[in-house]
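All residue numbers in the sequence shown are consecutive under this note's numbering, ending with 181.
Okay, structure first, notes after.
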Amino acid sequence: TDMFLMRLAEVVNAIPFLPLAMILSAIIGSRISETGRISMIMVILGLLNWPSLARLVRGQILAAREQEFVTAAKAMGITEMKIIFKHILPNVITVVLVNLTLSFALSMLYESSLSYLGFGVNEPNATWGNMLYGCNDSTVMSLYWWRWVFPAIALSLCTVSINMAGDGMRDAIDPKSIGR
């Protein structure tokens, strides 16, 4: 099953996100409600972002199970479940949490990109991409600069803040950093 899941992850990773999302949005978008459109974008983001997390978790688990403390725990006769939850999981969870925060920030950028291109969330719903989409005109960009500068700054600050929060979370709960 491991080999099958990794091959499936490679196939899904080979699918480019933005073209697929734009095609699905153009085909399905007019037929579904706005709530359905938002849900569709979230499902697409989830389906296309899981392979990177799966590969990362697999690599971390394979590395952690070869560590000396896991080998010592096996030699002492500790059960597999106890080894998994007490030794392997604490070493993997920090990397997963940091990756999830990075993925969340990246998903925000994907959604705003789709909305800016006109394929994301439609206009009565406010998103940073919609706010930037309203500034496509060169007259608006030059005369009404605040209409695009502030949403761009807010999106940038939000994604950087989420990434920094993930980094801080890793520093706070990483079992390897205890005692430093």
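A virtual CB, placed ideally from N, CA and C, is assigned to each residue, including glycine.
These numbers come from a predicted model, not from an experiment.
Measure from the alpha carbon of I24 to the alpha carbon of each residue in I174, S162, V96 and G121, then state which is nearest. G121
Roughly how many whole angstroms lie between the Cα atoms of N92 and A64? Straight-line Cα distance between these residues: approximately 10 Å.
Secondary structure at T95, three-state DSSP: helix, strand or coil? helix
To the nearest angstrom, how far is the alpha carbon of R38 from that of V71? 46 Å
Could you tell me the distance, in whole angstroms, from the CA atom of L103 to the CA atom of S31? Computed Cα separation, rounded: 31 Å.
Go through its chain and collect everything with a Cβ distance to P17's Cβ below 7 Å, but skip five positions before and after it. Non-local C-beta neighbours of P17 in its own chain, meaning closer than 7 Å and more than five positions away in sequence, are absent.
Own chain residues within Cβ distance below 6 Å of M170, not counting five before or after: L98
Sort P20, I89 and I62 by Cα distance to L115 and report the nearest one. P20
Drop a sphere of 10 angstroms on the beta-carbon of S40, count the other beta-carbons inside from all chains shown, and report buried for 16 or more, exposed for fewer. exposed
Proximal residues to V13 (C-beta, below 6 Å), its chain only, five neighbours per side dropped: Around V13, the same chain offers P52 as residues with beta carbons nearer than 6 Å, after the five sequence neighbours per side are excluded.
Going by alpha carbons, who is nearest to G47 out of S108, I94 and S34? In terms of CA proximity to G47, S108 leads the group S108, I94 and S34.
Going by beta-carbon coordinates alone, are V133 and Y111 separated by less than 8 Å? Per the sequence shown, the amino acid found at residue 133 is Leu instead of Val. Not closer than 8 Å, so no.
Just curious, the alpha helix (DSSP H) that I154 is in, first and last residue? W147 to I174
Could you tell me the distance, in whole angstroms, from the CA atom of T95 to the CA atom of Q61? 10 Å
Could you tell me if N126 is buried or exposed, where buried requires 16 or more neighbouring beta carbons within 10 angstroms of its beta carbon? Counting the other CB atoms within 10 Å of its CB gives N126 a total below 16, which places it among the exposed residues.
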